[in-house]
Amino acid sequence: MMKLAEEHGTEACISKTPSFEYWDELPSKAKIESMSGYLEDFEMLSVTDIPEGCQFGVSFTTITVNAPRYIQYLYRLLQNQYGVQFVREKLPSIKAAFSDISTKVVFNCTGNGARRLPGVEDAKSYPTRGQILLTRAPQITKNVMRHGKDYETYIIPRPQSNGNVILGGYMQKGVGTGDTFSSESESIVERTTTLLPELLTPGMEVLAAFSGLRPSREGGARVERTSIQLDESRNGILVHNYGAGGTGFQAGLGMARDAVSAVEDVLRSIPREKSRL
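Structure, rendered in structure tokens:
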């Protein structure tokens with residue numbers, strides 16, 4: 001993602017951004033060592049540089065994503081340069097994805113649908129509800145996050161959006177409603193403006209409230225090659241790729257690479273047209 005931001009950031013609508021994260025409780029030594037190993041420009045902050053009530057803080061360079069426009073970029077890339085055909089259809093089961101006899105591999109990226117889709121029915125899958133606010137605050141140019149015992153507060157500027165900033169949020173495990181609640185919006189405003197008072201200077205405009213269901217899974221994401229019996233004489237190759245929870249944009253490219261790598265032997269045997277690069 002860093003490379004994409006550096007080489008195609010404008011068209012992909014992602015950008016490198018300074019980030020500050022704080023924890024109410026001290027993270028484990030293993031987590032701190034892990035972060036220091038992969039985060040660019042990683043620094044641990046002194047006690048005088050972290051908010052009251054926090055026990056630990058770090059700064060680093062990360063990426064921010066204009067999620068709707070980034071998805072559109074990927075859609076155009078796959079369609080125009082790689083000739084991918086997009087078909088929207090509701091399937092009665094995962095087996096139905098193999099209805100064309102020429103289909104050798106199916107990637108199951110059904111997210112929250114993995115819990116109930118016949119042929120998958122993963123009982124470890126569950127939704128994690130979140131609520132955010134879309135605001136306009138062009139003076140904000142950094143990420144700020146605070147991890148609490150029972151809450152997550154974050155401020156994320158949205159690249160190439162005329163100064164829009166995402167404020168959050170909530171992490172409600174097992175909650176499946178997509179409704180938004182004014183009480184939660186009020187809490188988000190209170191928490192984020194306390195964490196980053198610059199939101200109020202010269203002012204912040206709340207544009208909309210949204211809620212969503214993160215496709216979570218006990219034990220973490222499932223990226224796995226399996227075999228599925230389609231009839232008495234035919235098996236299909238099914239690659240599961242779901243359960244990233246709230247880390248889909250961060251982990252998505254890596255998960256996709258792992259999923260594809262799991263069936264490289266099969267893909268090499270399938271005749272393909274050259275991509276339109």
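Residue 13 in the UniProt record's numbering sits at position 13 of the sequence shown, with consecutive numbering throughout.
Each residue gets a CB set at the ideal place from its N, CA and C atoms; glycine is no exception.
Test item: CB-CB of Arg88 and Leu213 under 8 angstroms: no
Spatially closest choice to Ser187 from Leu26, Trp23 and Ile132, by CA coordinates: Ile132
Reducing DSSP to helix, strand and coil, say where Asp41 ends up. strand
With a 10 Å radius around its C-beta and 16 neighbouring C-beta atoms as the bar for buried, classify Asp122 as buried or exposed. buried
Locate the beta strand (DSSP E) running through Leu133, then write down its first and last residues. Ser125 to Arg136
CB of Gly219 to nearest heavy atom of the ligand COA: below 7 angstroms? Only the bare structure without any ligand can be found here, which leaves the ligand COA out of the picture.
What's the C-alpha gap between Gly111 and Thr201? 39 angstroms
Given a cut-off of 8 angstroms, decide if Leu207 and Arg136 are closer than it, judged by their beta-carbon atoms. yes
Excluding sequence positions up to five away, which residues of its chain have a Cβ less than 8 angstroms from the Cβ of Met255? Ala221, Val223, Asn241 and Ala244
What are the residues that DSSP puts in a beta bridge with Lys173? Thr128
Touching or not, the stretch 76-94 and the stretch 40-49, by the rule of three or more beta carbon pairs under 8 angstroms? no
For Gly9, report the span of its alpha helix (DSSP H) as first-last. Met2 to Ala12
Please name the residue or residues paired with Ile94 in a DSSP beta bridge. Bridge partners of Ile94: none, in fact.
With the cut-off set at 8 angstroms, would you say Lys149 and Arg217 are in Cβ contact? no
Closest Cα partner of Lys142 within the set Ile63, Val175 and Tyr38: Ile63
Going by DSSP, what residue range makes up the beta strand (DSSP E) through Ala208? Glu205 to Arg217
Once the 5 residues before and after Gly163 are set aside, which same chain residues still bring their CB inside 7 angstroms of it? Arg136, Ala137 and Pro138
Counting only the same chain and skipping the five closest in sequence on each side, list residues whose C-beta sits under 6 angstroms from that of His147. Trp23
What residue range is occupied by the uninterrupted alpha helix (DSSP H) comprising Gln72? Ala67 to Arg76
So, Arg69 versus Cys13, is the Cβ gap smaller than 8 angstroms? yes
Determine, using beta carbons only, whether Ile168 and Pro127 come nearer to each other than 8 angstroms. Before going on, a small fix: residue 168 reads as Gly here, not Ile. No, they are not a contact pair.
Considering Cα atoms alone, identify which of Ala262, Leu238 and Gly248 is closest to Lys104. Leu238
Please check the pair Ser102 and Gly119, which I expect to be a contact at CB under 8 angstroms, by giving their CB distance rounded to whole angstroms. Contact flag wrong, Cβ pair sits at about 20 angstroms.
Sort Phe56, Asp49, Ile50 and Tyr170 by Cα distance to Ser28 and report the nearest one. Phe56
Delimiting residues of the beta strand (DSSP E) encompassing Phe107: Val105 to Asn108
Contact check, Thr226 vs Leu195, beta carbons under 8 angstroms: no
Are there 16 or more other CB atoms within 10 angstroms of the CB of Ala262, so buried, or fewer, so exposed? buried
Bridge partners - Gly236, DSSP secondary structure assignment: Ile228
Can you tell me which of the three DSSP states Phe60 falls into? strand
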